[in-house]
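Shown next, in structure tokens, is the structure this report addresses.
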Amino acid sequence: MPEIVFDKVSIGYHGNVVAEDLTFTLEIDDFLVIFGPNGAGKTTLAKTILGILRPLKGETYVFGCPITGVCPHKKMIGYVPQIYNIDRGFPATLYDVVISGCYPLLKPLQEIPQMFKEQAMANLKTVGLLDFKDTPFAHLSGGQQKRGLIARALMGPPKVLLLDEPTSGVDMASEIQVNEVIVNTHKTAQIPVILITHDVNPYFKVATKFILMGYGTYFIGSFDEVIRPEVLSEVYQTKVDVVSKGGLRFINVRDVHHDRNA
Ligand SMILES: Nc1ncnc2c1ncn2[C@@H]1O[C@H](COP(=O)(O)OP(=O)(O)OP(=O)(O)O)[C@@H](O)[C@H]1O
Ligand SMILES: [Mg+2]
Numbered sequence: 295m296p297e298i299v300f301d302k303v304s305i306g307y308h309g310n311v312v313a314e315d316l317t318f319t320l321e322i323d324d325f326l327v328i329f330g331p332n333g334a335g336k337t338t339l340a341k342t343i344l345g346i347l348r349p350l351k352g353e354t355y356v357f358g359c360p361i362t363g364v365c366p367h368k369k370m371i372g373y374v375p376q377i378y379n380i381d382r383g384f385p386a387t388l389y390d391v392v393i394s395g396c397y398p399l400l401k402p403l404q405e406i407p408q409m410f411k412e413q414a415m416a417n418l419k420t421v422g423l424l425d426f427k428d429t430p431f432a433h434l435s436g437g438q439q440k441r442g443l444i445a446r447a448l449m450g451p452p453k454v455l456l457l458d459e460p461t462s463g464v465d466m467a468s469e470i471q472v473n474e475v476i477v478n479t480h481k482t483a484q485i486p487v488i489l490i491t492h493d494v495n496p497y498f499k500v501a502t503k504f505i506l507m508g509y510g511t512y513f514i515g516s517f518d519e520v521i522r523p524e525v526l527s528e529v530y531q532t533k534v535d536v537v538s539k540g541g542l543r544f545i546n547v548r549d550v551h552h553d554r555n556a
């Protein structure tokens, strides 16, 4: 059985259907990239996968259990949210934030087991931030905070890693570091990854599946099924090319105002 199954699922909020008829699976070796314009429903889909939002229609399963039912494994999805607000006055260190990833796995008032303390240190090492463990989280740069949140999501360890725009707002060098952590975790820990992003190009080598969410429409499948100029141009309502260069392929949004060939 796949890790996650969505069968003809509608997602959204009370009286507001955001996307309908979503059908896909996430297998153990998948690296699923979800992308599409602002407001298309990517975060709504993430929250439905996590069981935070109830699906409006259709069948949904995580690790073999209906998402809406009791599922002991539901907490085993490591989640990096799109927005993580931390009160700047709250003196939580990076270590405090990382270790908090195990709280949902503890019984009420249970002391943190040594195993999780060691895991927090190992995860900090994985994301290259061991030296910053005692730094107040609010004092870290945006890229460091994102890597810290990945270390937090890796507590458990999770059975699936779900990241909502983990590289938004970080500089190019930090983006490369964050991407490396995600791809290496997928490969070495053999965890399936669901990654929501506006920049799909860095993931073409590793991604096994894509979901392109548009307004009231979506495309799901392999690179060849989804990363097509006609599909992308329709969803983004602008001219989009798929370019091959030096053995690599990437999406290029054409600036119609400056492109003499347009
Ligand atoms: N809590 C909410 N209640 C009602 N509607 C919401 C809520 N959160 C989001 N929406 C609406 O659902 C739609 C999808 O929003 P969502 O946040 O899933 O988009 P997104 O694809 O993640 O966008 P972005 O790329 O900007 O992050 C939008 O029209 C949004 O206004
Ligand atoms: Mg979003």
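If you're matching positions, the sequence shown starts at 295 in our numbering and goes up one per residue.
Here a beta-carbon is modelled for each residue, glycine too, at the ideal position from N, C-alpha and C.
Separation of residue j from residue i, as counted between CA atoms
| i | j | result |
| --- | --- | --- |
| Gln439 | Tyr389 | 11 Å |
| Ala334 | Met507 | 6 Å |
| Leu316 | Thr387 | 40 Å |
| Arg554 | Val537 | The predicted position of Arg554 is uncertain, since its pLDDT is 46 and thus under 50; no value can be drawn from it. |
| Lys499 | Glu405 | 42 Å |
| Leu326 | Lys401 | 32 Å |
| Glu314 | Thr354 | 13 Å |
| Ile361 | Asp323 | 21 Å |
| Tyr307 | Leu350 | 8 Å |
| Val392 | Glu524 | 42 Å |
| Lys419 | Gln531 | 43 Å |
| Gly358 | Arg548 | 43 Å |
| Leu423 | Ile470 | 15 Å |
| Ile305 | Tyr512 | 13 Å |
| Thr502 | Pro398 | 30 Å |
| Lys453 | Ile485 | 6 Å |
| Leu542 | Leu403 | 52 Å |
| Val364 | Asp518 | 37 Å |
| Gly510 | Phe426 | 44 Å |
Contact check, residue i vs residue j, beta carbons under 8 Å
| i | j | result |
| --- | --- | --- |
| Glu528 | His492 | no |
| Gly436 | Val472 | no |
| Phe410 | Met370 | no |
| Leu455 | Val475 | no |
| Ile490 | Ile343 | no |
| Pro451 | Pro385 | no |
| Ile505 | Ile514 | yes |
| Gly345 | Val303 | no |
| Ala467 | Val374 | no |
| Val494 | Ile545 | yes |
| Lys341 | Val356 | no |
When the options are compared against residue i, the one with the closest alpha-carbon
| i | options | result |
| --- | --- | --- |
| Thr338 | Val311, Lys302 and Glu321 | Val311 |
| Ser462 | Ile505, Arg441 and Val356 | Arg441 |
| Tyr378 | Asp428, Lys427 and Ile444 | Ile444 |
| Cys396 | Glu412, Arg348 and Asp428 | Glu412 |
| Lys336 | Arg348, Leu457, Asn495 and Thr319 | Leu457 |
| Met295 | Phe318, Val494 and Lys503 | Phe318 |
| Glu321 | Ile305, Phe300 and Lys341 | Phe300 |
| Ser516 | Asn332, Gly363 and Tyr497 | Tyr497 |
| Pro331 | Gly541, Arg543 and Leu526 | Leu526 |
| Gly372 | Glu519, Ser394 and Asp425 | Ser394 |
Residue environment, residue i, which counts as buried when at least 16 other CB atoms sit within 10 Å
| i | result |
| --- | --- |
| His480 | buried |
| Thr482 | exposed |
| Gln594 | Residue 594 falls outside the range modelled here, since the chain spans only 295 to 556, and no answer is possible. |
| Glu297 | buried |
| Ala556 | Note that Ala556 scores 42 on pLDDT, short of 50, meaning its location in the model is unreliable; the coordinates nonetheless yield the value given after this. Its Cβ having fewer than 16 others within 10 Å, Ala556 is exposed. |
| His552 | Confidence at His552 is low in this model, with a pLDDT of 49, below 50, so the placement of that residue should be treated as unreliable; the coordinate-derived value is given next. By the neighbour-count rule (16 or more Cβ atoms within 10 Å), His552 is not buried but exposed. |
| Val534 | buried |
| Ile380 | exposed |
| Arg382 | exposed |
| Ala416 | exposed |
| Gly309 | exposed |
Which residues are close to ligand 1, meaning CB closer than 5 Å to any heavy atom, in chain order? Tyr307, Val312, Asn332, Gly333, Ala334, Gly335, Lys336, Thr337 and Thr338
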